[in-house]
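Written out below as structure tokens is the structure these notes cover.
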Amino acid sequence: MEQLFTHEEIARIEAAAQEVGHSPREWVRAVVLHRLNGGRRDIEDAVWPLTEQRRPGGVVHELHHAGCWVPKGGEATLTTAEARAQVARQDVRLCDACQPERFLGPVR
1 MEQLFTHEEI ARIEAAAQEV GHSPREWVRA VVLHRLNGGR RDIEDAVWPL
51 TEQRRPGGVV HELHHAGCWV PKGGEATLTT AEARAQVARQ DVRLCDACQP
101 ERFLGPVR
């Protein structure tokens with residue numbers, strides 16, 4: 001597997017696998033099988049919880065990925081496209097705990 005991916009890609013795979021409790025090889029296998037089986041669900045289909053925090057200057061919106069422990073459930077959610085747009089406009093604060101920006105890079 002190490003010959004197929006760059007060091008940066010391996011680091012991203014390891015982080016994603018750790019979040020779901022899989023080994024990197026299991027995570028890659030699941031992604032590949034999902035794609036081969038015609039599944040469409042991927043990062044573009046994800047939802048991004050949006051929490052509100054009241055601060056002296058007003059309300060701050062904080063963006064999280066769906067696996068983050070910070071949201072309690074029932075919060076508003078954004079699509080991946082909406083999340084990317086709000087991050088680009090700096091309309092949201094990015095969660096320090098889950099760092100959603102690592103998943104929201106430009107579509108290649």
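Position 89 of the sequence shown, counting from 1, maps to 89 under the UniProt record's numbering, and the rest follow consecutively. Beta carbons are placed, not taken as given, at the ideal position from N, Cα and C, and that holds for glycine.
So residue 65 and residue 100 are in contact, right, with Cβ under 8 Å, and what is the actual spacing, rounded?
4 Å
Taking residue 82 as the reference, give the member of 48, 12, 21 with the closest Cα.
48
Please name the residue, chosen from 94, 51, 62, that lies closest to residue 73 on a Cα-to-Cα basis.
Cα-wise, what sits closest to residue 73 is 51.
Just to check my reading of the structure: residue 61 and residue 84 have Cβ atoms closer than 8 Å, yes? What is that Cβ distance to the nearest angstrom?
Going by Cβ atoms, the distance from residue 61 to residue 84 rounds to 15 Å, so no, they are not a contact pair.
Helix, strand or coil: which one does DSSP assign to residue 18?
Of the three classes helix, strand and coil, the one that applies to residue 18 here is helix, per DSSP.
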